[in-house]
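Undergrad:
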Amino acid sequence: MSKSPEKKLVTLKSSDKEEFVVEESIAVTSETIKNIIEDCGLELIPLPNVDGKTLAKVIEYCTKHSTGSNDDSKFDDECLDTKQLSVLVDMLLAANYLNIKSLFEKVCTKIADRIKDMSVEEVREVFKIENDFTPEEEKKIRDEHAWAHE
Amino acid sequence: MNFGFRSRSCRVIQDSSPAAAAAMAATQEEEEEREGLKNEEKCCWGNMPLELLREVLMRIESSENNWPLRKNVVACGGVCRSWREIVKEIVRTPEVSGIITFPISVKQPGPRESLLRCFIKRNRSMQTYHLYLNLTQALADDGKFLLAARKCRRTTCTDYIISLNADDMSKGSSTYIGKLRSNFLGTKFVIYDGLPPHAGAKISKSRSTRLVGSKQVSPRVPAGSYPVAHISYELNVLGSRGPRRMQCIMDAIPSSAVEPGGVAPTQTEFHPGNYDSFPSLPFFRSKSSRIEKFLSNSLPSGQRDGPLVLKNKSPRWHEQLQCWCLNFHGRVTVASVKNFQLVASPASGQPARPEHEKVILQFGKVGKDVFTMDYRYPISVFQAFAICLSSFDTKIACE
Chain P
0 MSKSPEKKLV TLKSSDKEEF VVEESIAVTS ETIKNIIEDC GLELIPLPNV DGKTLAKVIE
60 YCTKHSTGSN DDSKFDDECL DTKQLSVLVD MLLAANYLNI KSLFEKVCTK IADRIKDMSV
120 EEVREVFKIE NDFTPEEEKK IRDEHAWAHE
Chain S
0 MNFGFRSRSC RVIQDSSPAA AAAMAATQEE EEEREGLKNE EKCCWGNMPL ELLREVLMRI
60 ESSENNWPLR KNVVACGGVC RSWREIVKEI VRTPEVSGII TFPISVKQPG PRESLLRCFI
120 KRNRSMQTYH LYLNLTQALA DDGKFLLAAR KCRRTTCTDY IISLNADDMS KGSSTYIGKL
180 RSNFLGTKFV IYDGLPPHAG AKISKSRSTR LVGSKQVSPR VPAGSYPVAH ISYELNVLGS
240 RGPRRMQCIM DAIPSSAVEP GGVAPTQTEF HPGNYDSFPS LPFFRSKSSR IEKFLSNSLP
300 SGQRDGPLVL KNKSPRWHEQ LQCWCLNFHG RVTVASVKNF QLVASPASGQ PARPEHEKVI
360 LQFGKVGKDV FTMDYRYPIS VFQAFAICLS SFDTKIACE
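Residue numbers (numbering that gives the first Met the number 0), protein chains in the order written: chain P, 0 to 149; chain S, 0 to 398.
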């Protein structure tokens with residue numbers, strides 16, 4: 000087998016100043032990064048909206064995804080099979096900002112599945128959501144809820 | 000998803016079998032995991048743009064198409080205002096999606112393209128009727144509870160109170176939907192809606208309609224009685240030996256609703272709030288029939304094509320079987336005088352069209368106290384249920 004030619008590399012810099020060197024062909028899985036490279040020809044790309052921890056996971060995803068091997072789906076599940084909802088939310092924000100459709104789709108579905116399993120109180124607690132219904136509205140919603148669970 | 004309280008029908012049963020013990024252990028594990036999750040780093044949803052929240056909620060909505068899991072969609076609408084707004088926007092009416100979601104769905108027209116299948120269970124001793132949505136192809140299954148009705152006999156009439164809550168059937172309750180009232184003889188019925196069917200609708204002050212003044216402004220009332228349909232039963236020309244004739248005048252639905260491009264009024268909320276903001280309805284003087292007078296009160300201003308009239312499809316006499324037959328497509332299995340199919344009747348002077356062939360409501364017996372009820376646009380579950388209740392009540396041609 001002939002040696003594969005040298006692949007072009009780019010450096011991605013996270014919001015907390017961590018740097019990741021990746022092949023350009025993998026980095027451009029992200030439409031955002033692809034546009035930056037095409038428009039600006041940069042080799043060091045700052046990503047102020049993604050922290051290092053999340054960026055590492057995203058790069059792992061893109062790397063596995065771009066090889067096109069059949070192990071893709073197995074890896075995707077592992078990569079996203081985190082008990083911490085906050086990690087999934089960070090990945091969703093990153094996938095959105097970096098415009099990686101397949102990752103966005105998968106993380107969205109994962110978060111949806113997690114929410115389905117939670118009670119309303121749990122959702123409010125975990126996501127720090129304030130119950131901003133008036134007492135009258137709250138009563139109406141409880142009636143609605145009771146009917147749905149009848 | 001749930002609010003953390005048991006549903007009304009839940010009963011705790013003591014069971015000391017090994018299977019139960021294993022199940023208990025599994026539940027305990029789940030509980031511990033839940034506790035663990037709560038104590039972990041809580042993420043703040045505050046950073047989440049509404050567009051992304053919408054994407055997540057859309058996935059929940061599209062994956063939970065059937066009951067009982069559809070309850071998760073309703074639950075998402077109860078988290079906070081922004082979640083509720085998004086869910087309400089994503090969820091489409093039964094007319095479009097064929098799916099019942101929020102309780103208001105029972106007040107909205109059924110699907111245009113197909114019949115929505117339901118069944119009714121009668122409890123003779125309690126004088127109650129429970130309406131369920133079919134969950135499977137079976138004639139009656141566990142079902143999703145929709146509405147309950149309780150019969151209240153009075154001196155000069157009978158009322159069927161209809162409610163979202165089987166345990167609370169009082170008219171003053173927040174779960175009150177409406178009622179069916181029959182006359183003394185059980186030959187004529189009126190369906191009353193607890194909410195105005197559309198802007199400018201008149202509340203019924205007494206059984207007779209009184210039209211006062213040249214301009215009417217809708218009163219500000221939290222719940223009332225808005226007549227929305229009139230049902231009548233008559234013997235056919237063969238007397239009680241033949242199937243009875245049914246007629247339903249749907250005062251709040253224009254006859255144009257069944258025509259191509261037609262629309263039917265659709266309520267969107269249970270508490271429309273300040274009715275004073277609705278435009279006043281001019282009073283139309285009319286010397287013609289009572290229906291016309293009623294019409295000017297009931298239909299949205301500008302609609303002058305008459306209310307939708309539903310009539311029962313005439314059964315055919317089967318010479319060999321020596322009985323009256325209707326094709327219920329397998330949904331009705333026991334012969335009964337109560338069984339019927341309703342179709343839209345063409346407006347007077349108009350020729351019959353293909354839309355007048357479609358069965359809009361079908362009702363029939365499948366067991367001792369079990370009946371199927373299939374309905375579609377332009378009537379709602381509430382209206383369909385009330386019409387079926389009248390079939391239980393009427394004494395015409397019952398022997």
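No residue lacks a Cβ here, since even glycine has one placed at the ideal position from N, Cα and C. Quantities reported herein were computed from a predicted structural model and do not represent experimental measurements.
1) Kindly list the residues whose CB is nearer than 6 Å to the CB of K337 (chain S), restricted to its own chain and excluding five residues on each side of it in sequence; keep chain order.
2) Around the C-beta of S352 (chain S), are 16 or more other C-beta atoms found within 10 angstroms, so that it is buried, or is it exposed?
3) For the segment 75-92 of chain S, enumerate the residues whose C-beta is nearer than 9 Å to any C-beta of chain P, in chain order.
4) Can you give the Cα-Cα distance for K33 (chain P) and N48 (chain P), rounded to whole angstroms?
5) Can you tell me the Cα-Cα spacing of P45 (chain P) and T28 (chain P), whole angstroms?
6) I'd like the ranges of any beta strand (DSSP E) spanning at least 3 consecutive residues and lying wholly in the segment 130-183 of chain S.
7) Does I386 (chain S) pass the burial test, meaning 16 or more other C-beta atoms within 10 Å, or should it be called exposed?
8) Can you find a CB in chain B that lies within less than 8 Å of the CB of I58 (chain P)?
9) Between which residues of its own chain and T157 (chain S) is the CB-CB distance below 6 Å, once the five residues before and five after are set aside?
10) Counting only Cβ pairs nearer than 9 Å, list the residues of chain S close to K138 (chain P).
11) Can you name, in chain order, every residue of its own chain whose Cβ lies under 7 Å from the Cβ of I89 (chain S), other than the five neighbours on each side?
12) Expressed to the nearest angstrom, what Euclidean distance is found between the alpha-carbon atoms of E143 (chain P) and P102 (chain S)?
13) Which chain P residues are close to S62 (chain S), counting only those with a beta carbon under 9 Å from its beta carbon?
14) Taking the alpha carbon of D192 (chain S) as the point to measure from, which residue in S:Y128, S:C324, S:T265 has its own alpha carbon closest?
15) Can you tell which of S:V95, S:R121, S:I119 has the C-alpha that lies nearest to the C-alpha of G109 (chain S)?
16) Since R330 (chain S) contacts G363 (chain S) with CB under 8 Å, what's their CB separation in whole angstroms?
17) Is the shortest distance between the beta-carbon of R149 (chain S) and the beta-carbons of chain P less than 8 Å?
18) Rounded to a whole number of angstroms, what is the C-alpha to C-alpha distance between S344 (chain S) and K310 (chain S)?
19) For L114 (chain S), tell me which candidate among S:K394, S:I359, S:L388 has the shortest Cα-Cα distance.
20) Taking a contact to mean a Cβ-Cβ separation below 8 Å, would you say N130 (chain P) touches C79 (chain S) in this structure?
21) Quick one: list the residues of chain P neighbouring N71 (chain S), beta-carbon separation under 7 Å, in chain order.
22) Could you confirm whether any beta carbon from chain S is found closer than 8 Å to the beta carbon of D131 (chain P)?
23) Have a look at A147 (chain P) and C39 (chain P) and give me their C-alpha separation to the nearest angstrom.
24) Tell me the DSSP secondary structure of Y232 (chain S) in three-state form.
25) Quick check: is the beta carbon of I25 (chain P) nearer than 8 Å to any beta carbon in chain S?
26) Which residue's Cα is closest to the Cα of S24 (chain P): P:S65, P:E37, P:K12?
27) Locate the beta strand (DSSP E) running through N95 (chain P), then write down its first and last residues.
28) Taking the alpha carbon of I110 (chain P) as the point to measure from, which residue in P:A93, P:E120, P:V88 has its own alpha carbon closest?
29) Counting only C-beta atoms, is A147 (chain P) closer than 8 Å to chain S at any point?
30) Please compile the residues from chain S whose C-beta is within a distance smaller than 9 Å of the C-beta of V21 (chain P).
31) Using a Cβ-Cβ distance under 8 Å, would D142 (chain P) count as near chain S?
32) Going by DSSP in three states, A343 (chain S) sits in which element: helix, strand or coil?
33) Would you mind stating whether T10 (chain P) and L97 (chain P) have Cβ atoms separated by less than 8 Å?
34) With distance defined between alpha-carbon atoms, name the residue in P:S13, P:K12, P:V20, P:K16 nearest to K6 (chain P).
35) Would you kindly report the start and end of the unbroken beta strand (DSSP E) that includes V308 (chain S)?
TA: Walking through what the data contain:
1) S390
2) First, the residue type needs correcting, since residue 352 (chain S) is Arg and not Ser in the sequence shown. Classification for R352 (chain S): exposed.
3) C75, G76, G77, V78, C79, R80, S81, W82, R83
4) 16 Å
5) One C-alpha to the other measures close to 16 Å.
6) 143-152, 157-162, 175-181
7) buried
8) Protein chains in the displayed structure are P and S, and chain B is not among them.
9) Taking T157 (chain S) as the centre and dropping the five residues before and after it, the same chain places the C-beta of S181 closer than 6 Å to its C-beta, in chain order.
10) S173
11) L56, M57, E60
12) 6 Å
13) Listed along the chain, the chain P residues whose CB falls inside 9 Å of the CB of S62 (chain S) are T108, A111, D112, K115.
14) Nearest C-alpha to D192 (chain S): S:T265.
15) S:V95
16) R330 (chain S) to G363 (chain S), Cβ: 7 Å. Contact.
17) no
18) 6 Å
19) S:I359
20) yes
21) K115
22) Yes, because at least one Cβ of chain S sits closer than 8 Å to the Cβ of D131 (chain P).
23) 54 Å
24) strand
25) no
26) Here the closest residue by C-alpha is P:S65.
27) Taken as a continuous stretch (DSSP letters only), N95 (chain P) belongs to no beta strand (DSSP E), being part of the alpha helix (DSSP H) at 84-97.
28) P:V88
29) yes
30) The contacting residues do not exist; V21 (chain P) stays about 25 Å from chain S at best.
31) yes
32) strand
33) With contacts defined as CB atoms closer than 8 Å, T10 (chain P) and L97 (chain P) fail to qualify as a contacting pair.
34) Comparing alpha-carbon positions, the option among P:S13, P:K12, P:V20, P:K16 lying closest to K6 (chain P) turns out to be P:V20.
35) 306-311
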